[in-house]
Amino acid sequence: MKRNAETPINPLEGEDRYIVQPVIKAMQVLQLVCEASQPISLNELVKLADLPKTTVFRYLRSLATKRLIEHDATTDRYRPGIGLWWLSHSSNPYEMLRQVCRPYLLDLRDRFNETVNLGVIAASEILYLDIIESRRSLRMQAQIGSGGHLHSTALGKVILAFQPRPQAEKLLPVLLSRVTPRTTIDRERFFEQLDIIRATGYAVDEGEDEEGSCCIAAPIFNDKGNAIAAISLSAPESRMVGAIRQTICAQLIPTCKSVADILRGTVT
810 MKRNAETPIN
820 PLEGEDRYIV
830 QPVIKAMQVL
840 QLVCEASQPI
850 SLNELVKLAD
860 LPKTTVFRYL
870 RSLATKRLIE
880 HDATTDRYRP
890 GIGLWWLSHS
900 SNPYEMLRQV
910 CRPYLLDLRD
920 RFNETVNLGV
930 IAASEILYLD
940 IIESRRSLRM
950 QAQIGSGGHL
960 HSTALGKVIL
970 AFQPRPQAEK
980 LLPVLLSRVT
990 PRTTIDRERF
1000 FEQLDIIRAT
1010 GYAVDEGEDE
1020 EGSCCIAAPI
1030 FNDKGNAIAA
1040 ISLSAPESRM
1050 VGAIRQTICA
1060 QLIPTCKSVA
1070 DILRGTVT
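Per my numbering: the sequence shown = residues 810 to 1077.
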């Protein structure tokens, strides 16, 4: 049949042989994980995808290798992974935040000679956008681009504390994993801690994410009063005793306010 000028062109017409069906089906599984309102089980995915269980499981394992999905071994459920964040943010919209914060991070490091971190929430975990290392020999383990638990890191706790409760509940895993013996794994007790953080304006991780470490974090607010990021200072517990914690808080909170003012355009 001869095509006239008004007939729409299907770009895939005549090229179906080039479509790899397993890729399409794997993307279908990924889409189902992303569209789920909460972490989803293998059996639920099998039913929704209408595919064999072994096939869905193989797709899930493959997607997990690139962190496009994450598997919670405790609940045996799947959720979107941080790899999706990296794909969707390949142009790095957080670069302005990192650039604005960089001189402040350096100033904090120089004042206290401890490691300073900048973090945001991505795919239900903390993403370390920037880290300025202490010049001392004993340092923390986090690296730029790595992820951390929301419930065990000071960065995660302080950002969650300044979110609407429904949003915080959605971001927090149903079951909290025990990262160290000090990690809080009871959800209600954890939310009680968030109430205290909101009252004080900062969060502390005392060996909850890394044994022998201490971390203090303060939030960076948007114009609605919600935390969009946080800055923390971390060090071995042995160096975080006495009045030094209050001294750090007294510097950290106004530093985060200065960053927020710049981001909101209230100062030049």
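Each residue gets a CB set at the ideal place from its N, CA and C atoms; glycine is no exception.
These numbers were taken from a predicted model, which means no experiment stands behind them.
Burial state of residue i, where buried means 16 or more other Cβ atoms lie within 10 Å
{"i": "Val832", "result": "exposed"}
{"i": "Pro889", "result": "buried"}
{"i": "Gly1021", "result": "exposed"}
{"i": "Ala970", "result": "buried"}
{"i": "Glu1001", "result": "exposed"}
{"i": "Gly886", "result": "It should be pointed out that residue 886 corresponds to Arg in this sequence rather than to Gly. So Arg886 counts as buried."}
{"i": "Met836", "result": "exposed"}
{"i": "Val842", "result": "buried"}
{"i": "Ile953", "result": "exposed"}
{"i": "Asn926", "result": "buried"}
{"i": "Glu942", "result": "exposed"}
{"i": "Gln972", "result": "buried"}
Helix, strand or coil at residue i [DSSP, three-state]
{"i": "Arg945", "result": "coil"}
{"i": "Thr1056", "result": "helix"}
{"i": "Pro817", "result": "Confidence at Pro817 is low in this model, with a pLDDT of 45, below 50, so its placement is unreliable and the value that follows should be read with caution. If DSSP states are grouped into helix, strand and coil, Pro817 belongs with coil."}
{"i": "Ser1043", "result": "strand"}
{"i": "Thr993", "result": "coil"}
{"i": "Leu1072", "result": "helix"}
{"i": "Thr883", "result": "coil"}
{"i": "Arg888", "result": "strand"}
{"i": "Ser933", "result": "coil"}
Rounded C-alpha distance that separates residue i from residue j
{"i": "Leu938", "j": "Ala1038", "result": "10 Å"}
{"i": "Ala1026", "j": "Leu1042", "result": "6 Å"}
{"i": "Cys1065", "j": "Val909", "result": "11 Å"}
{"i": "Arg1054", "j": "Glu904", "result": "29 Å"}
{"i": "Ile1062", "j": "Glu844", "result": "37 Å"}
{"i": "Asn852", "j": "Leu984", "result": "19 Å"}
{"i": "Pro1045", "j": "Arg945", "result": "11 Å"}
{"i": "Leu917", "j": "Gln830", "result": "53 Å"}
{"i": "Ile935", "j": "Ile1005", "result": "20 Å"}
{"i": "Val929", "j": "Asn1031", "result": "13 Å"}
{"i": "Asp1018", "j": "Tyr913", "result": "24 Å"}
{"i": "Lys979", "j": "Gln840", "result": "19 Å"}
Cβ-heavy atom distance, residue i to the ligand ZN, below 7 Å
{"i": "Thr1009", "result": "The model depicted lacks the ligand ZN and carries no ligand whatsoever."}
Nearest-angstrom beta carbon gap, residue j and residue i [assumed within contact, 8 Å]
{"i": "Arg996", "j": "Glu1015", "result": "Not a contact, Cβ separation roughly 19 Å."}
{"i": "Val967", "j": "Ala1036", "result": "7 Å"}
Can you list the alpha helix (DSSP H) stretches of 4 or more residues lying completely in the region 960 to 1012, in chain order? 963 to 970, 974 to 980, 996 to 1009
Which whole runs of the alpha helix (DSSP H) in the region 839 to 871 are 4 residues long or more, in chain order? 851 to 858
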